[in-house]
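The numbering of the sequence shown is the numbering used here, which starts it at 605 and goes up by one. Each residue gets a CB set at the ideal place from its N, CA and C atoms; glycine is no exception. Structure first, commentary second.
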Amino acid sequence: MNQRPAVLLYSAALASIAAALFHAIRSERQTTALLREIHNTIEHDATRSRAIYRVLKKQRRVLHQLSEYLLPVPKGVEKPAS
């Protein structure tokens, strides 16, 4: 049996394995970069959402205080008779 074709197959197999590994490494780096970008976007949006929530909470408190000031309903006060 001739061993020479087997040696050629081994080197081709090793070359294809190396190419697959390089492709996997490149894909992993691209995926990691994409996930990092998504994470940063989510963090930025979450920060903005918290800031908007704080502003809305403050505005709600101010509106509540204003409505209490403008619309007092004292007990025992009746409408004047016409």
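In the three-state scheme derived from DSSP, where H, G and I count as helix and E and B as strand, L675 is classed as coil. The straight-line gap separating the alpha-carbon atoms of L625 and Q634 is approximately 14 Å. Between the alpha carbons of T645 and T636 lies a gap of roughly 14 Å.
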